[in-house]
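A.B. asks:
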Amino acid sequence: MSAQPQTIGIAGAGAWGTALANAAASAGNDVVLWMRSPEQADALAATRTNERCLPGVKLHERITPTAELADLASTRVVLLVTPAQTTREMSMALASVLPVATPLVLCAKGIERGSGAFLCDVVAEERPSAPVAVLSGPSFAHDVARGLPTAVTLACRDAALAEALANALSGPTFRVYHRGDVRGVEIGGAAKNVLAIACGAVAGKGLGESAKAALIARGFAELLRFARAYGGNPETLMGLSGLGDLVLTCSTAQSRNFAFGQRLGQGMSVEEAAGGKLVEGATTASALVALARAKGIDMPIAEAVEQILSGAWTLDQAVDALMNRPIKSEY
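Under the working numbering, the residues of the sequence shown are numbered 300 to 630, in order.
1) Could you pull out every unbroken alpha helix (DSSP H) segment of at least 4 residues lying fully inside the segment 596-623, listed in chain order?
2) Going by DSSP in three states, residue 585 sits in which element: helix, strand or coil?
3) From which residue to which residue does the alpha helix (DSSP H) around residue 282 run?
4) Name the DSSP bridge partner or partners of residue 324?
5) In angstroms with no decimal places, state the Cα-to-Cα distance between residue 476 and residue 601.
6) Between 556, 372 and 506, which lies nearest to residue 577 when the distance is taken from Cα to Cα?
7) Identify the residues that DSSP records as bridge partners of residue 432: which are they?
8) Taking only three categories from DSSP, how would you classify residue 625?
9) Suppose you measure from the CA of residue 319 to the CA of residue 311; what does that come to, to the nearest Å?
10) For residue 481, which residues in the same chain have their Cβ closer than 8 Å to its Cβ, ignoring the five residues on either side in sequence?
11) When the Cα atoms are used, what is the spatial distance from residue 390 to residue 572?
12) What's the C-alpha gap between residue 370 and residue 479?
13) Under a Cβ-count criterion, where at least 16 other Cβ atoms within 10 Å of its own Cβ denotes burial, should residue 302 be classed as buried or exposed?
14) In whole angstroms, give me the CA-to-CA distance for residue 565 and residue 504.
15) Between residue 559 and residue 496, how many whole angstroms is the CB-CB distance? I'm expecting something under 8 Å.
16) Roughly how many angstroms lie between the CA atoms of residue 321 and residue 499, to the nearest whole one?
17) In whole angstroms, give me the CA-to-CA distance for residue 491 and residue 596.
18) With 16 as the cutoff for other CB atoms within 10 Å, does residue 374 come out buried or exposed?
19) Can residue 435 and residue 488 be called in contact, C-beta distance under 8 Å?
20) Roughly how many whole angstroms lie between the Cα atoms of residue 393 and residue 368?
21) Looking only at its chain, what residues have a beta carbon closer than 7 Å to the beta carbon of residue 510, apart from the 5 residues adjacent to it on each side?
22) Name the DSSP bridge partner or partners of residue 315?
23) Going by C-alpha to C-alpha distance, which of 343, 326, 512 and 328 sits closest to residue 334?
24) For residue 547, which residues from the same chain have a beta carbon less than 6 Å from its beta carbon, with the 5 sequence-adjacent residues on both sides left out?
25) In terms of residues, what are the limits of the alpha helix (DSSP H) holding residue 370?
26) Suppose you measure from the CA of residue 398 to the CA of residue 372; what does that come to, to the nearest Å?
27) So who's on the other strand from residue 377, going by DSSP bridges?
28) Using 8 Å for Cβ pairs, my map puts residue 403 next to residue 377. What's the rounded Cβ distance?
29) Do residue 314 and residue 470 count as a contact pair if the criterion is CB distance below 8 Å?
30) Closest to residue 527 by C-alpha separation, out of 579, 567 and 485, would be which residue?
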């Protein structure tokens with residue numbers, strides 16, 4: 300794949316998909332933006348604004364909305380920007396229309412529930428011969444869509460393809476670094492959402508900035524342990540897709556996971572806190588903890604989040620459990 304302008308496909312027209320479409324178009328590419336609803340595709344083509352997900356943000360002129368999955372067949376690469384738990388369904392659907400050589404870039408952050416499979420492995424099961432990459436890093440959809448400076452990481456085991464994809468997607472305000480450590484990048488993206496729920500709960504409970512800083516630092520230690528055990532490079536986790544994304548997601552209610560935790564800390568139930576919206580960290584927590592237990596990885600913060608979400612612990616019980624752990628060396 301050359302670094303020259305491409306026709307890029309985006310599967311998923313939520314806030315993040317629309318934002319990435321704008322970024323890719325601003326980098327000089329033509330973009331085909333797919334969504335499930337023909338009515339929404341027609342409306343987006345007519346109004347050039349996705350008011351439901353990104354109010355006030357104008358769609359770039361080089362973006363073509365569509366509800367026909369087959370329209371992605373002629374694109375040079377497809378960014379899959381649907382929720383993590385739909386990855387298998389979408390990979391199967393895309394396998395029926397995309398040439399086998401078309402790379403698929405995963406932009407959701409999570410672990411498949413039930414199977415406990417990492418998303419790249421899910422794609423590999425459905426498109427075994429196709430190239431797969433992961434895009435992750437500290438980025439809010441509204442920032443990217445409005446052209447505010449953002450830097451992310453793209454990982455692919457094919458180094459030349461990783462570089463070409465990074466060049467194709469990088470634009471005036473969207474900088475894409477590349478790596479070969481697919482597992483490390485996807486672990487960073489999945490685990491930080493769970494840890495952000497914990498930080499939000501601390502904020503909602505009014506436990507102070509010191510407690511939040513401690514959670515970020517100790518959560519990062521958990522993330523490193525998990526990555527090492529599952530084949531990720533610890534150096535990767537020190538970058539944008541690990542520490543960078545963790546700090547952003549754990550610091551502000553702009554993060555859906557942080558906001559969800561914040562509402563839990565204020566005394567809302569899990570259902571009330573979610574407010575009918577998808578919270579990736581909540582759907583990932585049980586799978587993350589199960590994988591950690593399978594290899595004996597110590598992840599007390601992630602486990603506390605899972606216990607709260609399952610109803611086994613209250614927030615007060617979780618705080619007590621964390622504060623009364625045996626005293627030990629920091630690492």
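C-beta: ideal position from N, C-alpha, C; glycine also. This one's a predicted model, so the numbers in the text were calculated from it and none came from an experiment.
C.D. replies: In this structure, then:
1) 599-609 and 614-622
2) helix
3) Residue 282 lies beyond the residue range present for the chain, which begins at 300 and ends at 630; the question has no answer from this structure.
4) Residue 324 pairs with nothing; no bridge assigned.
5) 28 Å
6) 556
7) 404 and 455
8) coil
9) 10 Å
10) 419, 431, 432, 433, 454, 455 and 456
11) 30 Å
12) 30 Å
13) For residue 302, the predicted model reports a pLDDT of 48, less than 50, meaning its position is unreliable and no value from the coordinates is stated.
14) 6 Å
15) 6 Å
16) 29 Å
17) 16 Å
18) buried
19) yes
20) 8 Å
21) 501
22) Residue 315 pairs with nothing; no bridge assigned.
23) 343
24) 437
25) It is not in any alpha helix (DSSP H) - residue 370 carries neither H nor E in the DSSP assignment.
26) 7 Å
27) 308 and 403
28) 5 Å
29) no
30) 485
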